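This report refers to the structure that appears directly beneath it.
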């Protein structure tokens, strides 16, 4: 086997980082989807916060006929990397003002970390839920001041962001609908993360659609069943895809499940439209 020099490895990692993917997700799968920005305006923006500037990625139609409905896009554990940006462009092509804030910006840069355990302990575990909720409020306010209609607002999140989406739906009634993709439903309660989605299922202020994979080894059937039971009598519901695992919409990873991803995306757009978040 031919040895690979450290310099060659660093060049490969640097090239991947420049392509916009977090180092912890390498190698990127051949199934990766890249959505064109043609007909869109995309930008990296800064949202003023009391303790700094919150970076965010924005994608929106280039020639809107008026104010645009806004979707808050909540990142995976890997941050706002190329996949999350691509999802923003897909939403923009569907007629939305999509904005994804960098919710770890105070704790560190996830794109430069090579492995998931270090990412979890060094950054993710240090991010307070309350900080995230306040940053999402600020993101929504910023969008409303820059061409978005906060009267037609929704939120969607993936993996880590799926859990955050459930929590935000219990906090903020200014958004009309939410879609949580394979977000954790239960788990350890800590000082920084004192509440889990199953705890607030009966307190949701907006309808949430949860999209889960039947083969998700981290979010098993008992968690999903418990959440479904907690949601009884509410406007929220959960869809589980047979044969799909965790991250089934992440087309840059081996666990991508095209059929579940396509159906989930269609359900998400229909959910937003049915709940007043329609272009």
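Residue numbers (mature numbering (1 follows the signal peptide of the UniProt record, and there is no 0)): -30 to -1, 1 to 249. All C-beta atoms in this analysis are idealised placements derived from N, C-alpha and C, irrespective of residue type, glycine included. In this text, all values refer to a predicted model and were calculated from it rather than measured experimentally.
### Task
Could you tell me which residues DSSP pairs with residue 16 in its beta bridges?
25
### Message
On the criterion of 16 or more Cβ atoms from any shown chain inside 10 Å, does residue 239 qualify as buried, or is it exposed?
### Response
buried
#### Entry: Own chain residues within Cβ distance below 7 Å of residue 220, not counting five before or after
53, 226
#### Entry: Contact under 8 Å by Cβ, residue 231 with residue 218
yes
### Message
Suppose you measure from the CA of residue 213 to the CA of residue 229; what does that come to, to the nearest Å?
### Response
10 Å
### Message
In this structure, how does DSSP classify residue 155 when only helix, strand and coil are distinguished?
### Response
coil
#### Entry: Status (buried if at least 16 other CB within 10 Å, exposed otherwise) for residue 131
buried
### Message
Using DSSP's beta-bridge definition, name the partner residues of residue 68.
### Response
29, 41
#### Entry: Stretch-stretch touch, CB-based, cutoff 8 Å, three pairs: the stretch 41 to 48 with the stretch 80 to 91
yes
### Task
Please name the residue or residues paired with residue 119 in a DSSP beta bridge.
39
### Task
Could you tell me the boundaries of the beta strand (DSSP E) in which residue -3 lies?
Per DSSP, residue -3 lies in no beta strand (DSSP E) and is assigned neither H nor E.
### Query
Can you list, in chain order, the residues of its chain whose CB lies under 7 Å from that of residue 108, leaving out five sequence neighbours each side?
17, 19, 24
### Task
Compare the beta carbon distance of residue 197 and residue 137 with 8 Å and say whether it is the shorter of the two.
no
### Query
Which partner residues of residue 125 appear in the DSSP bridge assignment?
BP columns for residue 125 point to 42, 148.
### Message
Measuring alpha carbon to alpha carbon, tell me which residue in 29, 163, 166 is nearest residue 118.
### Response
Taking the Cα of residue 118 as reference, the smallest distance to any Cα among 29, 163, 166 is reached at 29.
### Query
To which residues of the same chain is residue 61 closer than 6 Å at the C-beta, ignoring the five residues directly before and after it?
41, 68
### Query
Tell me the DSSP bridge mates of residue 209?
181
### Message
Just verifying my parser: in three-state terms, what is the DSSP assignment at residue 73?
### Response
coil
### Query
Taking buried to mean at least 16 other C-beta atoms within 10 Å of its own C-beta, is residue 254 buried or exposed?
This structure gives no information on residue 254, because the portion of the chain shown stretches from -30 to 249.
### Task
Take the Cβ of residue 205 as the centre, count every other Cβ of all protein chains shown within 10 Å, and call the residue buried at 16 or more, exposed below.
With fewer than 16 Cβ atoms within 10 Å of its Cβ, residue 205 is classed as exposed.
### Message
Classify residue 121: buried if its beta carbon has 16 or more other beta carbons within 10 angstroms, exposed otherwise.
### Response
exposed
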